[in-house]
Amino acid sequence: MSNHQIPVPSEGFPVSAALESLRIKQLEEQSAALRNSVICAFNQLLDLKDLNTGVHSTRLAEWGMRVGQELGLEESELQNLEVAALLHDIGKVGIPDAILRKPGRLDADEYALMKKHSEYGWAVLRMLPGFERAALDILHHHESFDGKGYPAALRGTEIPVVSRIVCVIDAFDAMVSSRPYRKGLPYEEAVRRLNESSGTQFDPVVVRTFLSFAQAEMSTVFAAAGTSVSSAL
Ligand SMILES: [Fe+2]
Numbered sequence: 215m216s217n218h219q220i221p222v223p224s225e226g227f228p229v230s231a232a233l234e235s236l237r238i239k240q241l242e243e244q245s246a247a248l249r250n251s252v253i254c255a256f257n258q259l260l261d262l263k264d265l266n267t268g269v270h271s272t273r274l275a276e277w278g279m280r281v282g283q284e285l286g287l288e289e290s291e292l293q294n295l296e297v298a299a300l301l302h303d304i305g306k307v308g309i310p311d312a313i314l315r316k317p318g319r320l321d322a323d324e325y326a327l328m329k330k331h332s333e334y335g336w337a338v339l340r341m342l343p344g345f346e347r348a349a350l351d352i353l354h355h356h357e358s359f360d361g362k363g364y365p366a367a368l369r370g371t372e373i374p375v376v377s378r379i380v381c382v383i384d385a386f387d388a389m390v391s392s393r394p395y396r397k398g399l400p401y402e403e404a405v406r407r408l409n410e411s412s413g414t415q416f417d418p419v420v421v422r423t424f425l426s427f428a429q430a431e432m433s434t435v436f437a438a439a440g441t442s443v444s445s446a447l
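Residue numbering for the sequence shown follows my numbering, beginning at 215 and increasing consecutively.
Shown next, in the form of structure tokens:
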């Protein structure tokens, strides 16, 4: 190789590197903005369907991030956790209103159709670049730690950690929240039920982690979601 073929660093090199890094930063910001827009758009879709889940989902995201941080999840997993907590029930958009709003108990066929909502959510979200992992986490948010859940009857740590977290906080928030047709359970009773199903329905590590701060943070989480504990209980 002759001397004139050896690339010589020019004075312009640091400038082009800086431009490249600026460009990457801009692309990352655009990607984050697009991600937030998608989450907001889907949340609005849930509101249009009047699924009354908006505040519930916001609280789940608050609880979820706290559990995820306590468990030492990486930043990318925390981002998936936020999406999965906010949009875990997006598949309910595909469930007929007659089933979603049925005041009484669902019969076997209706329940089988209702259970499809986790697959519907996965089918939609997996088509969005960057949401593939969160789509899988949503697919498995009704798995049970003992393998008796759906849709894949995964057990233990076969279930993605984000799905195990969403499962626990979703159950807890549903228990303590009031609905038009029923009053929410007292905090102590919700805790008793979580502990009762710890190791069967729920991951015991997630339950223990969640309960280590749940009572102390109830007011903060409800306030962050724009509600108060007294309005939900
Ligand atoms: Fe669900």
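Every residue, glycine too, gets a C-beta built ideally from N, C-alpha and C. In this text, all values refer to a predicted model and were calculated from it rather than measured experimentally.
Annotation: Asn257 to Val297 spans about 11 Å, alpha carbon to alpha carbon. Around the beta carbon of Val380, 16 or more other beta carbons lie within 10 angstroms, which makes this residue buried. For Ser412, DSSP records a beta bridge to Phe416.
Between the stretch 344–354 and the stretch 314–327, the count of Cβ pairs shorter than 8 Å is below three; the stretches do not touch. The beta-carbon separation of Gly278 and Ala299, rounded to 4 Å, stays under the 8 Å limit for a contact. Distances from the CB of Asp387 to the heavy atoms of ligand 1 are all 8 Å or more. Relative to ligand 1, Lys306 has its C-beta within less than 8 Å of a heavy atom. When C-alpha distances from Tyr364 are compared across Ala326, Val307, Val390, the shortest belongs to Ala326.
CA-CA distance, Arg237 to Phe345, rounds to 23 Å.
For Tyr334, the enclosing alpha helix (DSSP H) stretches over residues 331–339.
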